[in-house]
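Beneath this line is the structure, given in structure tokens, with notes to follow.
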Amino acid sequence: MTVPPRDSAPRRQSHEQGSTGWRARLQRFLSPLPADDKNIVADAPTAQLRAVGRRFFPFLRPYRRQLIFVVLLTAIAPAADASALWMWKLLIDKVIVPHEFAMFAPLTLAFAGLSLASVALGALGRYLGTWASANFVLNLRTTIFRHLERLSLDFFDRGRRGDVLTRLNSDVDAIQTFTLTGPIQGLSLFFKIGFFTIALFVISWKLALIAALTAPVFGLIGRTVARLRRNAAREERRLAGVVGARAQDALAAIPLVQACNREDHESDRLRRDGYGVLRAQLATARIKGFYGVIVEVVELIGGTAIIGAAIYLLAHGQITIGGLLVFMAYLVELFSPIRALGQLTSTMFTALAGAERVIELLDEKPKVTDHPDAVTLRRVTGAVSIRDVSFHYETKETAALHDITFDVSPGEMVAVVGASGAGKSTLAKLMVRFYDVQQGSINLDGTDIRKVKLESLRTNIGILSQEALVLHASVADNISYGRPDATREQIIEAAKAADAHAFISTLAEGYDTQLGQDGHLLSGGQRQRIAVARALLQDSPVLILDEPTTGLDAESIGRLVDPLRALVAGRTTIVISHNLLLAQEAHRIVLLEHGRVVQIGDHESLLRGSSVYRRLWRLRGETPGDSGELRVVR
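Under this note's numbering, residues 3 to 636 are what the sequence shown spells out, in order.
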């Protein structure tokens, strides 16, 4: 019995370890370095090609006739290219070699005609393809934006808006590449490969078989690097979202950044995130370079073998000089689309990564939607009933509201007061269904607002928030935003009632002045008066004032009193405020503490009977020289 050498197993193990180490080193070389910023923008769920196609190809249906024509042109153009090249074979074999110039003119004219036809058809196909792709991107981006507008606030509370904008812009463009540009380009390449391959076999099937032996090598190489390409592409798209999110965050807080001298810090953070994109791009470049080197070697070996076989066939009269020269021309032209297919594969993987990120966005469902049996409210009287309402944010450990109960009669003003974090603004968000109550109910004219269509609910309930949001639009457009059919006279009337007409008249273009990003041309008090004019014009029967004086000085608050008085007159009004000077003249005051109602009463009774309210009054209400001129009267 033969005994194997004692060291054979260790030697085999060492060989396997060496092989594994070589593959691992190659994997590391061709892959991006691991990222440490997944907490900013996480990986999107992977998606199969078929699933991506089912999701986005329906957007192409309106353009199917144009696309069919594009596909026909995509097939005809390479056929014209192949035919034009064939004219060179005839020109060499029928004119140059035998010195017979009778065929020169017709063959030259045929070559010129086919070449011009190829250029013209290609240009027409590109134009139609551009038209279809531009319309596709426009409709898809609009659909995604409309979807984003309907998502609940919790999505934007936990999402990075810069990353969302990256998905809406560059990732949507990537989908266009995946569903339209890429497939059309791929069809063009396949048609070119097909026509040129047929021509090779017509000229010499023996040489064509030798050339065909390289095809499996290209396929094997492509499969080997495909997964690496996809991983690098997904990381590149995710990191692009990280850069967008970081830039948006820093620019949104630019006053804070500059005030704290943190410009260099934010620039360094953006550079670090951008370096992650750079690493992913370099990994893609390494993959392309690796693929290109292997392809070049295969082409060199295959070309050398073909040339040797061609010389043999030419010497034995089995191929003409024209056939040999045009065969080599076809072969060179054939390698070009094969290489382009490799580049297209990389592009398609990048596009697939973008499509995965958009699909994740589209799969996000709004948590606040219309009930199947939701009713449309006409103009309500304004009776509000809040019963046993409790609410808990997903991102917080403790509940924001516990068993809140109180009523507001039509035309009554009720103030909801309490320290910061007491749950006041949460209650306002629940009333307009930015979130839905998790326990209890909020009723408007006896109807649970969860059974009311959102559009009609928000038509009947106006909200004046502490942010005083102003759009990058004209003054008139900002005032009429909640009532776009308002006339100029109605807009001016609302501005006068809000004490805004005077300062608007001093602007360069009056009501047509563009206010810029976040209304930077206006002061805080002016922005708030624009918001009051908007609420006046919208004329909702129920009004929520959510901390309307936050961030304003005493003079600005004083200028805001009369507009607020005009705004609340005759409406059911809920004032959400920690400024008790605005709450003291309400019919009733609801005092919140830690998300619970601790007492309900008017200003005088709460001062006498509530230590919590007295403490708030001492902290917030007593100001030097207070004469009651800041009161919002009934």
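Built from N, CA and C at the ideal position, the CB exists for glycine as well.
Where residue i falls: helix, strand or coil (DSSP)
i	result
L35	The predicted model places L35 with a pLDDT of 49, which falls under 50 and marks its position as unreliable, so this point remains unresolved.
L632	Residue placement at L632 is flagged as unreliable, the pLDDT there being 35, under the threshold of 50; the coordinate-derived value follows with that caveat. Coil, per DSSP.
F436	coil
S154	coil
L621	helix
S467	coil
H267	helix
D375	coil
R381	coil
D409	strand
Y277	helix
P368	coil
Q178	helix
W24	Note that W24 has pLDDT 47, beneath the 50 cutoff, so the model's placement of it is unreliable and the number below is only indicative. DSSP places W24 in helix when its eight states are reduced to three.
Q15	Any reading at Q15 must be qualified, since the residue scores a pLDDT of 44, below 50, and its modelled position is unreliable; the value itself is stated next. Helix.
P6	Model confidence at P6 stands at a pLDDT of 43, short of 50, so the residue's coordinates are unreliable; what they give is reported in the following sentence. Three-state DSSP puts P6 in coil, outside helix and strand.
A424	coil
A571	coil
K431	helix
S612	coil
V99	coil
L109	helix
K455	coil
K398	coil
S117	helix
Q283	helix
Q586	coil
L215	coil
T132	helix
Bridge partner(s) assigned by DSSP for residue i
i	result
N662	Since the displayed the chain opens at 3 and closes at 636, residue 662 lies outside it and no answer follows.
I637	The structure shown does not extend to residue 637, since the chain is modelled only from 3 to 636, so the question has no answer here.
G603	I591
L403	F393
R598	E595
When the options are compared against residue i, the one with the closest alpha-carbon
i	options	result
P543	A500, A79, G521 and T575	T575
R620	A533, G420, Q283 and S458	G420
K369	S135, H149, T199 and A86	H149
D372	L315, R435 and E399	R435
Q519	V477, A499, A535 and M89	V477
L2	L547, A500 and V592	Lying before the first or after the last residue shown, residue 2 is absent from the chain, which here runs from 3 to 636.
L126	P108, V592 and I78	I78
Y332	Y65, R152, A213 and G276	A213
N462	D390, M433 and A475	M433
Q345	Q601, A252, R288 and L109	R288
D365	R274, F157, R281 and I465	F157
A533	A510, G325, L326 and I493	I493
A402	V439, V386 and P412	V439
L569	L547, Y277, L363 and T551	L547
L363	L140, Y615, F147 and K96	F147
F180	D604, L354, V334 and P486	L354
P339	F198, I451, A488 and R163	F198
R536	G560, D487, H580 and T508	D487
heavy atom of the ligand ADP below 7 Å from residue i C-beta
i	result
R169	This structure lacks the ligand ADP; in fact it carries no ligand of any kind.
When the Cβ atoms of the region 374 to 391 are set against those of the region 433 to 448, are three or more pairs found closer than 8 Å?
Three or more pairs of CB atoms, one per stretch, sit closer than 8 Å, so the region 374 to 391 contacts the region 433 to 448.
Would you list, in sequence order, the uninterrupted alpha helix (DSSP H) runs of no fewer than 4 residues that lie entirely inside the region 470 to 541?
Runs of the alpha helix (DSSP H) inside the region 470 to 541: 477 to 481, 490 to 499, 503 to 507 and 526 to 540.
Inter-stretch contact at 8 Å, needing at least 3 Cβ pairs: the region 297 to 307 / the region 62 to 72:
No, they do not touch.
Are at least three pairs of beta-carbons, each pair with one atom in the region 305 to 312 and one in the region 176 to 192, less than 8 Å apart?
Under the 8 Å Cβ criterion, the region 305 to 312 does not count as touching the region 176 to 192, having fewer than three qualifying pairs.
If you pair each beta-carbon of the region 468 to 485 with each one of the region 395 to 404, do three or more pairs fall below 8 Å?
No, the region 468 to 485 does not touch the region 395 to 404.
Would the region 169 to 184 count as touching the region 343 to 360 if we require 3 or more Cβ pairs under 8 Å?
Output reads yes: the region 343 to 360 touches the region 169 to 184.
The region 158 to 178 in contact with the region 311 to 328 per 3-pair CB rule at 8 Å
No, they do not touch.
Residue ranges of each alpha helix (DSSP H) run of no fewer than 4 residues wholly in the region 49 to 94, ordered along the chain?
51 to 58 and 66 to 93, all fully within the region 49 to 94.
For the region 77 to 95 against the region 53 to 65, are there 3 or more C-beta pairs whose distance is under 8 Å?
Because the criterion of three Cβ pairs below 8 Å is not met, the region 77 to 95 and the region 53 to 65 do not touch.
Is the region 101 to 118 close to the region 130 to 140, with three or more CB pairs under 8 Å?
In the pairwise beta carbon analysis, the region 101 to 118 is classified as not touching the region 130 to 140: fewer than three pairs are separated by under 8 Å.
Determine, using beta-carbon pairs with one atom in the region 509 to 524 and one in the region 452 to 466, whether at least three such pairs fall under 8 Å.
The way I'd put it, the region 509 to 524 doesn't touch the region 452 to 466; fewer than three beta-carbon pairs between them come closer than 8 Å.
Please give me, in chain order, every unbroken run of the beta strand (DSSP E) with length at least 3 that falls completely inside the region 310 to 351.
If only complete runs of 3 or more residues are kept, the region 310 to 351 shows no beta strand (DSSP E) anywhere.
I want to know whether the region 423 to 432 touches the region 403 to 412 - three or more CB-CB distances under 8 Å.
Segment contact: the region 423 to 432 against the region 403 to 412, three or more CB-CB distances shorter than 8 Å; contact assigned.
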